[in-house]
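J.: Numbering (this note's numbering), first residue to last: 3 to 395.
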Ligand code: AMP
């Protein structure tokens, strides 16, 4: 299902010009400087491989959310400078989202933009996993016009995340946290078919706890999701919920220990006016045991408000168990990748995804628009009918 054309399928690249869609949408400081260059470094294997084969390499990316017109606050200049240090000789186009064609719905606008983008290039590589869940012009357009391939990063993400469905290293456990059940319901529905058990922490555990009949006090809870959570709890896949919690008392402020408000351990019922802000130490130990005994672990979402040191214990315990278990460990992107880095365990993981939304959508649906575009482009290429390919656009 995930047969994607690889870099090797592009054939000889000496003196050819290759356009590479990357995801250099890096976190930036208030002054627009690069706060973390991980996304740039993640694309280096592909960029350097293409250069070693003799190709002239042009990269392109989006950065931030400019309103479809040039905006100096979202210029790629700082990224270009860092790229010049890491991969000298690789060109970088200006922010793709400066052009309305990148995100447009109007096919004529999209078409004109893609024409301009591919002009002068002989091949296209998609290494932008974090953007491949969006059917934007630079993701789905070029494979219809140029011989195309998946870059190394994209291929690895698909191999690991796509492969979870058929994971043979059992038990397969998914550890889910983060803010909202509603954001992750699609992926929960998919995972419940694949895993041997689910472990649920973070704010989303309160909707499940309420569904089980516990009191949630002032914790975040999505009442509209309670019935759905009850159905999931009644299903055949075991769901581990915390049996103790850390809670913040009335008057307390998240992120501000000096604001007052008591912090204490409670059971699975949160007193009125108190807010559950982390799983408790007993549950953290139990979740750790489930992770130690697993064959495969997928972790997505923090167990509590880990940005506030008073409520980082549960996430830290899960991170430590992830680092120590012999299981194959996969961390979904976004906040969980940030949490793994925060607790210094990111290098101990078998795979840390570079895509937040993209990783969840790939697990949920088994495919992404960017991957389908590469496979379709490749199928057209196999017919060896170049004109047909151009017509198909
Ligand atoms: P998500 O983006 O859905 O993965 O959510 C991540 C955010 O959820 C983090 O910023 C956490 O601070 C927050 N979070 C985790 N647990 C809780 C909780 N018990 N109450 C409020 N926020 C939480």
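Ideal placement from N, C-alpha and C gives every residue a C-beta, glycine not left out.
1. In three-state DSSP terms, what is residue 396?
2. Which residue's Cα is closest to the Cα of residue 73: 58, 98 and 155?
3. Closer than 7 Å to a non-hydrogen atom of ligand 1 - does that hold for the CB of residue 363?
4. Counting only the same chain and skipping the five closest in sequence on each side, list residues whose C-beta sits under 7 Å from that of residue 220.
5. Output the residue ranges of the alpha helix (DSSP H) runs that lie fully inside the stretch 243-308 and measure 4 residues or longer, sorted by chain position.
6. Is residue 336 near ligand 1, going by C-beta to nearest heavy atom under 7 Å?
7. Select from 138, 241, 351 and 307 the residue whose C-alpha is nearest the C-alpha of residue 327.
8. Residues in its own chain within less than 6 Å of residue 120 by CB, not counting five upstream and five downstream?
9. With a 10 Å radius around its C-beta and 16 neighbouring C-beta atoms as the bar for buried, classify residue 253 as buried or exposed.
10. Name the two residues that bound the continuous alpha helix (DSSP H) containing residue 205.
11. Going straight from the alpha carbon of residue 372 to that of residue 7, what length do you get?
12. Can you find a heavy atom of ligand 1 that lies under 7 Å from the Cβ of residue 366?
13. Count the C-beta pairs between the stretch 150-157 and the stretch 174-184 that are closer than 8 Å, then say yes if the count reaches three, no if not.
14. Shortest alpha-carbon distance to residue 105 belongs to which of 233, 87 and 140?
15. Beta-carbon separation of residue 289 and residue 379 under 8 Å?
16. For residue 330, name the three-state secondary structure that DSSP assigns.
17. Return the chain-ordered list of same chain residues with a C-beta closer than 7 Å to the C-beta of residue 18, the five sequence neighbours on each side being excluded.
18. Would you identify the three-state DSSP class for residue 64, choosing helix, strand or coil?
19. Please state whether the Cβ-Cβ distance between residue 270 and residue 247 is less than 8 Å.
20. Return the chain-ordered list of same chain residues with a C-beta closer than 7 Å to the C-beta of residue 167, the five sequence neighbours on each side being excluded.
21. From the DSSP output, which residues share a beta bridge with residue 151?
22. Check the DSSP bridge columns for residue 1 and list the partner residues they point to.
23. Cβ of residue 209 versus every heavy atom of ligand 1: is any distance shorter than 7 Å?
24. Check whether chain B comes within 8 Å of residue 255, counting only Cβ atoms and requiring the distance to be less than that.
25. Do residue 189 and residue 10 have their C-beta atoms closer together than 8 Å?
T.: With the structure as the only source:
1. Beyond the ends of the chain as shown, which are 3 and 395, falls residue 396; an answer cannot be given.
2. 98
3. no
4. 275, 276 and 277
5. 283-294
6. yes
7. From the listed residues 138, 241, 351 and 307, the smallest Cα separation to residue 327 is found for 351.
8. 144, 147 and 148
9. exposed
10. It is not in any alpha helix (DSSP H) - residue 205 carries neither H nor E in the DSSP assignment.
11. 12 Å
12. no
13. Touching, no, given that fewer than three Cβ pairs across the two stretches are closer than 8 Å.
14. Cα-wise, what sits closest to residue 105 is 140.
15. no
16. strand
17. Taking C-beta separations shorter than 7 Å and ignoring five residues to either side along the sequence, the partners of residue 18 in its chain run 57, 124 and 125, following chain order.
18. coil
19. In this structure, residue 270 sits near residue 247, with a CB-CB distance shorter than 8 Å.
20. 196 and 368
21. Bridge partners of residue 151: 127.
22. Residue 1 lies beyond the range of the chain shown here (3 to 395); nothing can be said about it.
23. A distance criterion of 7 Å places the beta-carbon of residue 209 beyond contact range of ligand 1, judged by its closest non-hydrogen atom.
24. Annotation note: the requested chain B is absent from the structure, which comprises a single protein chain.
25. no
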